[in-house]
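There are 2 protein chains.
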Amino acid sequence: MRLTKAQRAENHDRIVRVAAKLFREKGVDGVGIDEIMVEASLTHGAFYGHFPSKTALIGEASAYAMDDSGLTRLEDDTPPGTRKSFPELARRYLSVEHRDDPGRGCAIAALAVDIGRQDDAMQALFAQNLEVRLGELAERLPGDRDAARHDAMLKYATMVGALVMARSAGKGALSEEVLDVVRERLEAEQAATESAVA
Amino acid sequence: MRLTKAQRAENHDRIVRVAAKLFREKGVDGVGIDEIMVEASLTHGAFYGHFPSKTALIGEASAYAMDDSGLTRLEDDTPPGTRKSFPELARRYLSVEHRDDPGRGCAIAALAVDIGRQDDAMQALFAQNLEVRLGELAERLPGDRDAARHDAMLKYATMVGALVMARSAGKGALSEEVLDVVRERLEAEQAATESAVA
DNA sequence: GAATAGAAATGACGATCGTCATACTTGTTT
DNA sequence: AAACAAGTATGACGATCGTCATTTCTATTC
Chain A
1124 MRLTKAQRAE
1134 NHDRIVRVAA
1144 KLFREKGVDG
1154 VGIDEIMVEA
1164 SLTHGAFYGH
1174 FPSKTALIGE
1184 ASAYAMDDSG
1194 LTRLEDDTPP
1204 GTRKSFPELA
1214 RRYLSVEHRD
1224 DPGRGCAIAA
1234 LAVDIGRQDD
1244 AMQALFAQNL
1254 EVRLGELAER
1264 LPGDRDAARH
1274 DAMLKYATMV
1284 GALVMARSAG
1294 KGALSEEVLD
1304 VVRERLEAEQ
1314 AATESAVA
Chain B
1124 MRLTKAQRAE
1134 NHDRIVRVAA
1144 KLFREKGVDG
1154 VGIDEIMVEA
1164 SLTHGAFYGH
1174 FPSKTALIGE
1184 ASAYAMDDSG
1194 LTRLEDDTPP
1204 GTRKSFPELA
1214 RRYLSVEHRD
1224 DPGRGCAIAA
1234 LAVDIGRQDD
1244 AMQALFAQNL
1254 EVRLGELAER
1264 LPGDRDAARH
1274 DAMLKYATMV
1284 GALVMARSAG
1294 KGALSEEVLD
1304 VVRERLEAEQ
1314 AATESAVA
């Protein structure tokens, strides 16, 4: 059943999108090719016409997830041309909605641990995308390039850690306390540095 | 081949210890019962004499890992009765050695994402242990109980996030930069609050 | 309209997954 | 010495894992 190039590309993309979602939700080892292909409305046998191996898909899907995820596009309701400020980002990042929707959320929080168990090539690829995300955040922070970059690392680490901890603690009081406390601290800190700069 | 109670308990413990290590290294879905039992010098069939299911082992092993891991006992070379100060903890937590040895390291950084994919009961158990770890860290921080607790959350989140990111970025420059930058910031911050209190 | 090429569907492979019933072996008790 | 009890080893189960070779169907090309 021959398809047009466009259809083939669309299928390829759909597999990647579905995988990016399922990997984030269930983990790289928690989903099989079969489940991904079913969700993509294809049979599992067709998989190897698109990818040489599951590992290859992990690479594509995690790169896609990094681009698709969290931060800038948690919800895509900002007018084009405008940028979310950091406090706005923190507010969304550390929300209960983000905690409960890993499949559409930040790829770092959802996949970094899994990627940490992959081989060097995969980690190098992930590091590249990580660099891009750090750059994006740094652009929204005050100070010279180095200071902003370092600040981005610290703030990203804090947000990722808080989200990961909140997700592990279920939906109890502790989970939301972590989210709230860290969000407030980040907001307060930001307000302080802004008034200092001004 | 009947064993004494002590031997049985020892076998049980060994399974838990081995699992706590392997789960942290390879993830909960990355290790099978068979591998765990072989590493514990038993056959996989004997497993179900000790645990009703793999899930039960995940619960015991993650609790054990929380107690065994990171922070207070990354290396057990402190004299009894003394406590590591927070900067010392941060230094060890954000070291290359800790990054490269998840099997003996912090259970939160290694397992929190996996636990976030388990059921509510497992997450509630994990939250209890998380609370204990937060309390331990809060004891080493200045301020009243609430402030210290909140500070512990922030600092833990930052360290966990930094470690997770560093592990995902392989062994390249970015990985160590994250570790270094976050460690320096935490140390500097601590020095500032201490001098403010004094 | 016929031949060809390209992509998905089918179905199977060996390996491993979690689980368990059974057999065996050996301390403990009588 | 014999009977019992208790924990491990054996071996198998159905399901699912990742991976392919083969078949089938349909766009495209002639």
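If you're matching them up, the sequences are chains A and B in order.
This note's numbering runs 1123 ahead of the 1-based position in the first sequence.
This note's numbering runs 1123 ahead of the 1-based position in the second sequence.
For every residue, glycine included, the Cβ atom is placed at its ideal position computed from N, Cα and C.
Since this is a predicted model, take the numbers as computed values, not measurements.
{"Check": "Backbone secondary structure at D1303(B) - three-state DSSP", "Outcome": "helix"}
{"Check": "Cβ-based burial, V1287(A) [other Cβ within 10 Å; buried from 16]", "Outcome": "buried"}
{"Check": "Pick from K1294(B), H1273(B), S1208(B) that is closest to E1325(B), judged by C-alpha positions", "Outcome": "Shown here, chain B extends from 1124 to 1321; a query on residue 1325(B) therefore has no answer."}
{"Check": "G1204(B) in three-state terms, based on DSSP", "Outcome": "Confidence in G1204(B) is poor, its pLDDT being 48 and thus under 50, which makes the residue's placement too unreliable to answer from."}
{"Check": "Integer-rounded CB distance, given that Q1246(A) should sit under 8 Å from S1291(B)", "Outcome": "6 Å"}
{"Check": "First through last residue of the alpha helix (DSSP H) which encompasses T1178(B)", "Outcome": "1177-1191"}
{"Check": "Simplified DSSP assignment, three categories, for E1262(B)", "Outcome": "coil"}
{"Check": "Residues within the region 1272-1284 of chain B neighbouring chain A, beta-carbon criterion of under 8 Å", "Outcome": "H1273, M1276, L1277, Y1279, A1280, T1281, M1282, V1283, G1284"}
{"Check": "DSSP state of S1164(B) mapped onto helix, strand, coil", "Outcome": "coil"}
{"Check": "Inter-stretch contact (C-beta, 8 Å, three-pair minimum) for the region 1235-1242 of chain B and the region 1262-1275 of chain A", "Outcome": "no"}
{"Check": "D1237(A) vs V1141(A) beta-carbon contact at 8 Å", "Outcome": "no"}
{"Check": "Cβ-Cβ distance between A1186(A) and F1146(A) below 8 Å", "Outcome": "no"}
{"Check": "Neighbourhood of G1204(A) by C-beta distance below 8 Å, restricted to the same chain and skipping five residues each side", "Outcome": "Note that G1204(A) scores a pLDDT of 48, beneath 50, so its modelled location is shaky; the value from the coordinates is reported in the next line. Same-chain partners within the cutoff: there are none."}
{"Check": "Three-way DSSP call (helix, strand, coil) for H1173(A) in this model", "Outcome": "coil"}
{"Check": "Given E1254(A) as reference, the closest of D1136(B), A1188(B), A1289(B) once Cα atoms are compared", "Outcome": "A1289(B)"}
{"Check": "The ligand GTP heavy atom lying under 7 Å from the CB of A1186(B)", "Outcome": "Ligands are entirely absent from the displayed structure, and the ligand GTP is therefore not among its contents."}
{"Check": "C-alpha distance - G1293(B) paired with Q1251(A), whole-angstrom precision", "Outcome": "11 Å"}
{"Check": "Close Cβ partners of G1258(A) (< 6 Å) along its chain, the five nearest in sequence each way excluded", "Outcome": "none"}
{"Check": "R1240(A), enclosing alpha helix (DSSP H) - first and last residue", "Outcome": "Segment: none, R1240(A) is in no alpha helix (DSSP H) and carries neither H nor E."}
{"Check": "Assumed close pair P1225(A), E1162(A) - CB separation to whole angstroms, cut-off 8 Å", "Outcome": "Wrong, their Cβ atoms sit about 16 Å apart, outside the cutoff."}
{"Check": "Helix, strand or coil at K1154(B) [DSSP, three-state]", "Outcome": "A small fix is needed here, since residue 1154(B) is Val in this sequence, not Lys. DSSP places V1154(B) in coil when its eight states are reduced to three."}
{"Check": "Cβ neighbours of T1166(A) in the same chain (closer than 8 Å, five flanking residues each side left out)", "Outcome": "M1160"}
{"Check": "Whole-angstrom distance between R1227(B) and S1164(B), CA atom to CA atom", "Outcome": "20 Å"}
{"Check": "First through last residue of the alpha helix (DSSP H) which encompasses D1136(A)", "Outcome": "1128-1149"}
{"Check": "Rounded C-alpha distance that separates G1328(B) from G1153(A)", "Outcome": "Past the edges of chain B, shown from 1124 to 1321, lies residue 1328(B), and the structure says nothing about it."}
{"Check": "Distance CB(G1172(A))-CB(G1284(B)) smaller than 8 Å", "Outcome": "no"}
{"Check": "Short-range partners of chain B found in the region 1241-1260 of chain A, where Cβ spacing is below 8 Å", "Outcome": "D1243, Q1246, A1247, F1249, A1250, L1253, E1254"}
{"Check": "A1311(B) versus M1276(B) - alpha carbon distance", "Outcome": "18 Å"}
{"Check": "Cβ-based burial, S1176(A) [other Cβ within 10 Å; buried from 16]", "Outcome": "exposed"}
{"Check": "Under 9 Å by beta carbon: chain A residues contacting V1287(B)", "Outcome": "I1231, A1232, A1235, V1236, G1239, A1280, V1283, G1284, V1287"}
{"Check": "Reduced DSSP secondary structure (H/G/I, E/B, other) of G1228(A)", "Outcome": "coil"}
{"Check": "6 Å CB neighbourhood of L1309(A) in its chain, flanking five on each side removed", "Outcome": "A1213"}
{"Check": "Whole-angstrom C-beta distance between R1272(B) and A1261(B), which should lie under 8 Å", "Outcome": "5 Å"}
{"Check": "Residue from E1300(A), M1189(A), A1270(A) with nearest C-alpha to L1248(A)", "Outcome": "M1189(A)"}
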